[in-house]
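Everything below concerns the one structure shown next.
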Amino acid sequence: MNSDLTFITNEKGQNLKERFEVLIKDTKFFDCLVGYFYASGFHAIYKSLEKTEKIRILIGISTNPQTYDLMQKAKVEQSALQFSSAETKERLGETVEKEMEEAEDSEKTEGGIYTFIDWVKTGKLEIHAYPSGKIHAKVYIMTFSEGDRDKGRVITGSSNFTQAGLMDNLEFNVELKNRADYEFALAKFEELWKDSVDVSQKYIETIRTKTWLNDTITPYELYLKFLYEYFKDDLNLQDELYSMDTPEEFIRLEYQRQAVLNAKKILEEYGGVFISDVVGLGKTYIASMLATQLEGRTLIIAPPVLLDKSNPGSWPSAIRNFNVKAEYESVGQLDKLIENGVEKYKNIIVDEAHRFRTESTATYEKLAEICRGKKVILVTATPYNNSPKDILSQIKLFQKARKSTIPNLPDLEQFFGSLERKLRNIDRRKDHTDYIRVVKENAKEIREKVLKYLMVRRTRTEITKYFADDLVSQRLRFPDVEKPEAVFYELNDEEGVVFTKTIELIAKKFKYARYTPILYYKGEVSQPEELAQRNMGKFMKILLIKRLESSFHAFRNSLGRFIHSYESFISEVDGGNVYVSKKYTNKIFELLADDNDDAVEALINEGKADRLPSKDFKDEFKKDLQSDLDILKEIYQLWTGVNRDPKLLTFIDKLSTHPILKKNKLIVFTESKETAEYLTKNIDEKFPNEALCFTGSSSALVREQAIENFDAKARFPKDGYRILICTEILAEGVNLHRSNVVINYDIPWNPTRMMQRVGRINRVDTKFDKIYTFNFFPTTQSNDLIQLREKAEAKINAFLSLLGGDAHLLTENEPIGSHELFSRLTSKEIITGEDESEESELKYLHVIKNIRDKEPYTFEKIKHLPKKARTAKTDKTNAGQLVTYFRRGKTQKFFMASCVDARELDFMTAAKTLEASKDAQQQKINKDFYSLIEQNKKAFIFATTEELLDVKMRGGRDSATQISRILKATLKDRRQFTEDQDLYLKKVITQLEEGGLPKQTTRVTLQALSKEIEKGINPLKILSVLQSHISARLLEGHFAETTTDHFGKREVILSEYLTNL
């Protein structure tokens, strides 16, 4: 290498570091005049300075890049910027702190800094700061010993005394060898040095106390720093609690106001929020308070029962009480809303949002159109019901499936699809244990990676524990929920045989041909049509099963209607006609989703369908129809010998004898309208004028009577009825808390339904101390309670096992076996909606809030602990490992490295690992700290790079992908398009690629496109099909797309080394 260079540019073979090593290894004095000096880069050359007697570094402390930029923008005279000695030292401290935050975590960096400190202490090195903003020089003066090559040298140019300036950047520096140049530079340096401020001790003090080289941080302090950094945003919200207004007649509950602030923060960040506190905690009030905090008008979409003005817990009442600028509409009136325009609304509240778990319906499509570009508040206690895509459909109301703004998770479709595939690969019946395990793992992953950013959810246990002071001051307490009591109705031998034989015939031999004619059609049938027909048959099977379990009366009535329907249908087939209802298939599925089984039967039996010739159907169609009718008549014949109703008899007896049931107000739930009416009639005979029946077809007057007699907040309370018998229509949105007893007359096959039902009486403001639940189960006769239970489980098993692969339709995808179902329906946890094994982050938020409120000195200290803070403590279980807390924008992750690898931790595991008491002893950090933190860094980079890659259009057979392919293949020539048409097409393609359109929209559009293309390729006609099926509103962006970027730089927040000492 040439050792006598004049120009030094940091290009290969001539960087400034290497030139310094040559010049300064024998230098007697070394003086630097620079804008920036980074001690963290000192390791690059300090070995060459070991023989140097004196090093002086003079920095222009005021001229950091930010200050310089501000001065340039404001056109401030630099001469006006002059700092006092104290101010200069303070700014130096800030600069050093910032530098060390950015410095490389390495042994060489630490070694260089400790050498720097030692040299300052011995007087070998001094560092001064010039208090004026005038210095932008980069001058390095080397004075040689007497008798050396010459008096000295000067290097000046663009390089600062940093690693970038010495090695990395392309710089332009010149080496001056002339003695006059050296003497001029030295004289000028001495002049500036004389007016400068000695900041050597400030440098050491800052590094020792305010950077990651602070070696006095205790494990307890690091634990509190961890909590402070993680919950910082939540702590920032606390002060806003006290400025929130609540109507005078309402109790100002802290947990509800806290929920409003959290929800508002989420809403502003991601454009949507789930308000999902467990039932009975006041989600309607929380959403109403939230609406008062938002700009613009709010639209509330809810089931009709929640819009009843006479219902004190309804939305009209909440709007009135909280003075919300809002309008409301029923979920059945979405067409009307779209027709009238929704542009005036800024915020959309969707109550009972779990009804929109599937995006393959016309109702969902309309809701998606209404929500586009708005802030979306989804109110539901049960957003997730085992299928991961339950959540995705709801999130898509305010986020794009393939370009979300959720931290570290842009492709939601891929994420949820991978979770679905895990479930699909397991046989839920044969590998039930594995299936349950994966369901729980999926739920945890969804919570950790998605819902923690989008959901406000607290349980009663959390609120009782962490908002106890507020509840006590308000004189409120939650009632104790008693374990559900099983009520067994005993079938005699004949009834037991008939019951089991009926299930077997319905589940195994009956083909449901009347409801699946398309499966027998000789012509072309699309895959969606075939799937819809198969599902129709399955749903009709489930309907019959539910009727059988509900009541013998309801089953007999359904059986009669089925026979009549089959006879009429076969008569039409014999006459040459087959009626196929394509038009009403989606409507039927929507009614099924709303538990309106009666309406499904009515719609099918009305025969609203297209007419096709019988000759176009396979021969086995008529054969299967006749077989089904024969089975129906066989079942009918079986039941002619059953003259007793053991379930009803047991029910009436319990009403008369059970100490709880004979004196309290009761709420009785059944899924069948006919069962409800049957029970009311029979109760009325035994207990005249005590029972009120409410079903989907009940009048407004009956609804008002139900509210007056069973809602504790009714304006005009009455005591006309003791027993309310109702269908699922009252399981959501109506408060019935003048009662404290729920009776499930039908088995709630999905235990979530039981939680929703009991939620009607388990309210925060109930007067009762205890809540009771009773569940009816069929069994066969026995005098032994254990045998009764075992036989009841056997009956449940008969339902589930005979249904086989269709059992999940009965339990609504709840992955449970017969034993587990019985156990869950008799467990307290199902009613409260709480998993006692699931730990709460509120525990840790409570810790740091207490520190803030009760130990302000400690809080102030941990708040100012440095970035990349570190310590070590004893942890024999995890000895030799390092936990590191990282942040990137809104993403927070935790990793634990060992000598083998690094693994990611969830928050709860990280918190438990870092948790420490005040007296926990600080241990020495081992020398393998840097190799471990490097492992953690690599794992973090991989985790936050893998998921942040640009989302590309994937292959596949979904409708969006197929449309995109069609458009790219057929619309290459767009010369006929206007600019507006071209823009429209680009928006369509963007939405398809980014997952911005509902599945219903893409499915129907694909069908229409396919038909159009069969006629020939006409770009204008293809465009017309798109415009007819894809609303312009659906091409608008979500609100979240207007918010700031969510990806920031990667940061190490803190680390803790775990040792076995």
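For the sequence shown, position 427 (counting from the first letter as 1) is numbered 427 according to the UniProt record's numbering, and the numbering increases by one without interruption.
Glycine included, C-beta positions come from ideal geometry on N, C-alpha and C.
Computed from a predicted structure; not experimentally measured.
Around the Cβ of residue i, are there at least 16 other Cβ atoms within 10 angstroms (buried) or fewer (exposed)?
{"i": "Q394", "result": "buried"}
{"i": "D574", "result": "exposed"}
{"i": "T1042", "result": "exposed"}
{"i": "K1049", "result": "exposed"}
{"i": "L253", "result": "buried"}
{"i": "H864", "result": "exposed"}
{"i": "E441", "result": "exposed"}
{"i": "D853", "result": "exposed"}
{"i": "I963", "result": "buried"}
{"i": "E674", "result": "buried"}
{"i": "I301", "result": "buried"}
{"i": "E1056", "result": "buried"}
{"i": "S387", "result": "buried"}
{"i": "I155", "result": "buried"}
{"i": "H737", "result": "buried"}
{"i": "C899", "result": "exposed"}
{"i": "I941", "result": "exposed"}
{"i": "S699", "result": "exposed"}
{"i": "P131", "result": "buried"}
How many angstroms separate the CA atom of residue i from the CA atom of residue j?
{"i": "A872", "j": "L334", "result": "60 Å"}
{"i": "L519", "j": "Q533", "result": "7 Å"}
{"i": "residue 1137", "j": "I275", "result": "An answer regarding residue 1137 cannot be provided, because it is not within the stretch 1 to 1061 covered by the chain."}
{"i": "L548", "j": "F499", "result": "8 Å"}
{"i": "D769", "j": "V481", "result": "9 Å"}
{"i": "L1020", "j": "S317", "result": "51 Å"}
{"i": "D950", "j": "D411", "result": "The pLDDT assigned to D950 is 44, lower than 50, so where the model puts this residue is not dependable, and the model offers no usable value."}
{"i": "I503", "j": "L1034", "result": "46 Å"}
{"i": "I862", "j": "I204", "result": "20 Å"}
{"i": "I463", "j": "A1008", "result": "52 Å"}
{"i": "A706", "j": "T961", "result": "50 Å"}
{"i": "I631", "j": "D746", "result": "25 Å"}
{"i": "K890", "j": "Y453", "result": "9 Å"}
{"i": "residue 1063", "j": "Q935", "result": "With the chain covering only 1 through 1061, there is no way to say anything about residue 1063."}
{"i": "L592", "j": "Y364", "result": "In this predicted model, L592 has a pLDDT of only 49, less than 50, meaning its place in the structure is not dependable; the value taken from the coordinates is given anyway. If you take the alpha carbons of L592 and Y364, they lie about 15 Å apart."}
{"i": "K366", "j": "N1018", "result": "29 Å"}
{"i": "residue 1087", "j": "K47", "result": "Absent from the structure is residue 1087, since the part of the chain shown begins at 1 and ends at 1061."}
{"i": "H846", "j": "N236", "result": "14 Å"}
{"i": "L409", "j": "I966", "result": "28 Å"}
{"i": "N535", "j": "L544", "result": "14 Å"}
{"i": "V260", "j": "V350", "result": "16 Å"}
{"i": "I377", "j": "T211", "result": "43 Å"}
{"i": "N926", "j": "K483", "result": "53 Å"}
{"i": "F1039", "j": "K264", "result": "14 Å"}
{"i": "E104", "j": "D469", "result": "46 Å"}
{"i": "E1051", "j": "F886", "result": "6 Å"}
{"i": "P383", "j": "P303", "result": "16 Å"}
Identify which residue in the options has its Cα closest to the Cα of residue i.
{"i": "I652", "options": "V668, N347, P866 and A700", "result": "V668"}
{"i": "I59", "options": "L543, K1015, V96 and P388", "result": "V96"}
{"i": "N577", "options": "R561, I545, R611 and P998", "result": "R611"}
{"i": "F398", "options": "R903, L997 and R738", "result": "L997"}
{"i": "V305", "options": "I141, D26, G157 and S330", "result": "S330"}
{"i": "V139", "options": "D973, R153 and A129", "result": "R153"}
{"i": "L666", "options": "I743, T115, N682 and A554", "result": "I743"}
Please look up how many angstroms separate the CB atoms of residue i and residue j, rounded, as I've assumed it's under 8 Å.
{"i": "Q787", "j": "A362", "result": "That pair is no contact at about 50 Å."}
{"i": "G373", "j": "G1037", "result": "6 Å"}
{"i": "N735", "j": "D719", "result": "Contact doesn't hold; Cβ gap of about 17 Å is too wide."}
{"i": "L559", "j": "Y678", "result": "The Cβ separation is near 15 Å, so there is no contact."}
{"i": "R903", "j": "F895", "result": "7 Å"}
{"i": "H128", "j": "V199", "result": "6 Å"}
Worksheet item: Given 8 Å as the limit, is there contact between the stretch 307-317 and the stretch 406-416, that is, 3 or more CB pairs closer than that?
Response: No, because fewer than three Cβ pairs between the stretch 307-317 and the stretch 406-416 fall closer than 8 Å, the two stretches do not touch.
Discussion item. For the pair the stretch 486-502 and the stretch 634-647, tell me if three or more CB-CB distances fall below 8 Å.
Written reply: Enough Cβ pairs lie closer than 8 Å, so yes.
Discussion item. Counting beta carbon pairs with one atom in the stretch 848-857 and one in the stretch 1012-1030, are three or more of them shorter than 8 Å?
Written reply: The stretch 1012-1030 is not in contact with the stretch 848-857.
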